[in-house]
Every structure is written in structure tokens, then in C-alpha cells.
Amino acid sequence: MIADGDWKKVILITNDFGKENFTPEKPADFIIVDSTQGLKELRNQIGDQLKLKIKDTEVAVNLVSGTGKEHMAIISALLKLGLGIRLIALTKDGIEEI
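Numbering (the numbering used here), first residue to last: 5 to 102.
This is the structure:
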């Protein structure tokens, strides 16, 4: 998805394991989280870092990897920042909004 898209910026939200074991095909910023913390704390950690990295009013989001708790924290953080969200996925036809 990173290689196939024409993105202004790519931000990957992951844990230490993900950062150590995944190498993106294009430049990307990482937000490293501790998924063992509570949902509100996780949301706040993500939101605090995202507000420094996102200057637009809308983001494209892919949640194909991760846990439900991580997904809730990401969506909540984005909405609390007032951002519009477009959910995207890599399909047999390429990158599509779902």
C-alpha cells in the first residue's frame, strides 16, 4: 500500500516489534506505542504525536493490521484532532476507498 499510493506523508503506528521488523518501501514516520496501556492512554499517546505530524484536515487510514483496541485508539485520536477519515484498502483493483 505504501509503495502503490501517492501519499504526501506516511505515518505508521506500531509497537517496537513492528518498527524493528518492517521496512517501508518509501519514507515513513513511525509512532511507536505501548499497546499494554489502557485505551485512553493509548489514544492520548497517539493523538499527542499525530498532532505534531499532521497539518491537513483529512487522512487516509488503513487498519488491516493491529488489534481492536489499537484501532479504536487510532480512530478516537484522529476524530479528537478534528480530522476527516477516509478508510482505504489494497484490493485486487489497487488502492480503494471503502
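Note that the Cβ used here is the ideal one computed from N, Cα and C, for glycine as well.
Quick caveat: nothing in here was measured; it's all calculated off a predicted structure.
Could you give the first and the last residue of the continuous alpha helix (DSSP H) run that contains residue i?
i	result
Ala81	72-84
Gly51	43-57
Go to residue i, then tell me how far its beta strand (DSSP E) extends in each direction, as first and last residue.
i	result
Glu100	98-101
Phe34	33-36
Bridge partners of residue i, per DSSP?
i	result
Ala7	Paired residues: none, contrary to the question.
Glu62	Gly88
Ala93	Glu100
Thr18	Ile36
Enumerate in chain order the residues of its own chain whose CB-to-CB distance from residue i is below 8 Å, with the five nearest sequence positions on each side excluded.
i	result
Val14	Ile6, Pro28, Lys30, Pro31, Ala32, Asp33
Leu85	Gly51, Leu54, Lys55, Ile58
Val63	Leu82, Leu87, Gly88, Ile89, Arg90
Report all residues from its chain with a CB closer than 7 Å to the CB of residue i; omit the five preceding and five following residues, and keep chain order.
i	result
Gly98	Asp8
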